[in-house]
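Down below is the structure, laid out as structure tokens.
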Amino acid sequence: MARRTRQSGSLGRATRSVAVLGVLLCFAPARLARAQEILVSAAASLTDVLNEIAKAYEGHRGRKAIIVTGSSSTLARQIEAGAPADLFISADLAQMDMLENKGLLEPGTRRNLLSNRLVLIVPARSRLAIGSPAGLASPGVKKIALADPASVPVGVYTREYLSRAGLWDKVKDKIIPVLDVRATLASVAAENVEAGFVYKTDAALSDKVKIVFEAPLDKGPKITYPVALIKASQNKKAARDFLDYLLSPTAKATFQRYGFGVRG
Numbered sequence: 031m032a033r034r035t036r037q038s039g040s041l042g043r044a045t046r047s048v049a050v051l052g053v054l055l056c057f058a059p060a061r062l063a064r065a066q067e068i069l070v071s072a073a074a075s076l077t078d079v080l081n082e083i084a085k086a087y088e089g090h091r092g093r094k095a096i097i098v099t100g101s102s103s104t105l106a107r108q109i110e111a112g113a114p115a116d117l118f119i120s121a122d123l124a125q126m127d128m129l130e131n132k133g134l135l136e137p138g139t140r141r142n143l144l145s146n147r148l149v150l151i152v153p154a155r156s157r158l159a160i161g162s163p164a165g166l167a168s169p170g171v172k173k174i175a176l177a178d179p180a181s182v183p184v185g186v187y188t189r190e191y192l193s194r195a196g197l198w199d200k201v202k203d204k205i206i207p208v209l210d211v212r213a214t215l216a217s218v219a220a221e222n223v224e225a226g227f228v229y230k231t232d233a234a235l236s237d238k239v240k241i242v243f244e245a246p247l248d249k250g251p252k253i254t255y256p257v258a259l260i261k262a263s264q265n266k267k268a269a270r271d272f273l274d275y276l277l278s279p280t281a282k283a284t285f286q287r288y289g290f291g292v293r294g
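The sequence shown begins at 31 in the working numbering and counts up by one.
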């Protein structure tokens, strides 16, 4: 009887071992798939173009790039706090500088990738006579949508530009703060505000808004999108490959089709 009990126990342990092995084998492909995925944290204004590029990249290279977008300042703080990311693309230099100064970027991987233009938009059906930022001071303009002018790149660019033009103090009390540039676009498109500042590439995505002013190249903000690998990335080889793809003629053509200037 004792022998049968020991044999039974051995069989039980063997069965459990096989079961555990089966579970591990089931999860192995999932772990392998995650190892092949590239996590990209990018400015909200890049949402559409990066999703298209990521799809083309997956078809060409067989790897999936997951695009996570938001305000550059929020994404930078998340990366600083240890949030997983393989690549970061900011809509300004300041957020990338912050991460670089803290030693969080992979040395030698930072590039200036793209440029953009700052524009003033109004609802497509608007009849307000706003031909320039100066028109925002008129009594007919009650609310202006703008991403946080203290930290979000498009808000910072706008505040600096209006300050140089002597207009910020005249319109700052009309500012309705929103999350990011896409939230500004949505607010203007929905006619919740009379006007808003976005990037030219964002305005081109909606037929419910119209551009009434474009900051001139010589006086407007120099909008630059830097890209870099994150030092803590666990997937650096694949991330470098995706960065190389972003710098390829194929990706550059896609960026240009969306209206971005190519810098890298």
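Where is the CB? At the ideal position from N, CA and C, for every residue including glycine.
Note that this is a predicted model, so its numbers are computed, not measured.
Going by CA-CA distance only, name the one from the options that's closest to residue i.
| i | options | result |
| --- | --- | --- |
| S71 | R194, I83, G100 and A245 | G100 |
| K173 | V218, G138, L209 and N146 | V218 |
| I253 | L105, V208 and S145 | S145 |
| P251 | L235, G226, A86 and A121 | A121 |
| P209 | L105, F272 and L69 | Per the sequence shown, the amino acid found at residue 209 is Leu instead of Pro. Looking at the Cα atoms, L105 is the closest of the given residues. |
| W198 | V228, L143 and A167 | A167 |
| A175 | T77, I206 and P256 | I206 |
| S263 | I109, E88 and Y229 | I109 |
| G185 | N222, V149 and L76 | V149 |
| E88 | Y229, R293, L134 and A268 | A268 |
| A73 | T231, G196 and E221 | T231 |
| K204 | A195, P179 and V211 | P179 |
Out of curiosity, what's the CA-to-CA distance linking residue i and residue j?
| i | j | result |
| --- | --- | --- |
| I160 | A177 | 20 Å |
| K140 | K261 | Inspection of the sequence shows that residue 140 is occupied by Arg rather than by Lys. Looking at the two C-alpha atoms, the distance is approximately 11 Å. |
| G226 | A216 | 10 Å |
| K249 | A234 | 22 Å |
| S156 | A115 | 41 Å |
| E67 | V239 | 36 Å |
| P153 | P137 | 44 Å |
| V171 | I151 | 13 Å |
| E244 | S162 | 8 Å |
| L117 | R270 | 9 Å |
| G112 | L129 | 11 Å |
| Y255 | K266 | 21 Å |
| L134 | R293 | 23 Å |
| R91 | L259 | 19 Å |
Buried or exposed for residue i, going by 16 or more other Cβ atoms inside 10 Å?
| i | result |
| --- | --- |
| G165 | buried |
| R93 | buried |
| E224 | buried |
| L247 | exposed |
| D237 | exposed |
| I119 | buried |
| Q286 | exposed |
| N131 | exposed |
| T214 | buried |
| T188 | buried |
| Q125 | buried |
| K85 | exposed |
| I96 | exposed |
| S297 | Nothing about residue 297 can be reported from this structure: the residues present for the chain run from 31 to 294 only. |
| P279 | exposed |
Per DSSP, residue i forms a beta bridge with which residues?
| i | result |
| --- | --- |
| R244 | The amino acid occupying residue 244 in the given sequence is Glu; Arg does not appear at that position. Beta-bridge pairing links E244 to V149. |
| T280 | Answer is none; T280 lacks a bridge partner. |
| I96 | L69 |
| P256 | N142 |
| A175 | I206 and G226 |
| L135 | I260 |
| I119 | A72 and V257 |
| V295 | The structure shown does not extend to residue 295, since the chain is modelled only from 31 to 294, so the question has no answer here. |
Among residues of its own chain, excluding the 5 on either side of residue i, which ones have a beta-carbon nearer than 7 Å to its beta-carbon?
| i | result |
| --- | --- |
| T284 | V79, E82 and I83 |
| E190 | P251 |
| A281 | I83 and Y275 |
| L158 | V152, G170, V171 and E224 |
Is there a Cβ from chain D that is less than 8 Å from the Cβ of residue i?
| i | result |
| --- | --- |
| D116 | This model lacks chain D altogether, as it is built from one protein chain only. |
Tell me which residues share the same chain as residue i and place their Cβ nearer than 6 Å to its Cβ, disregarding the 5 neighbours each side in the sequence.
| i | result |
| --- | --- |
| P183 | S102, A121 and D122 |
| K200 | A167 |
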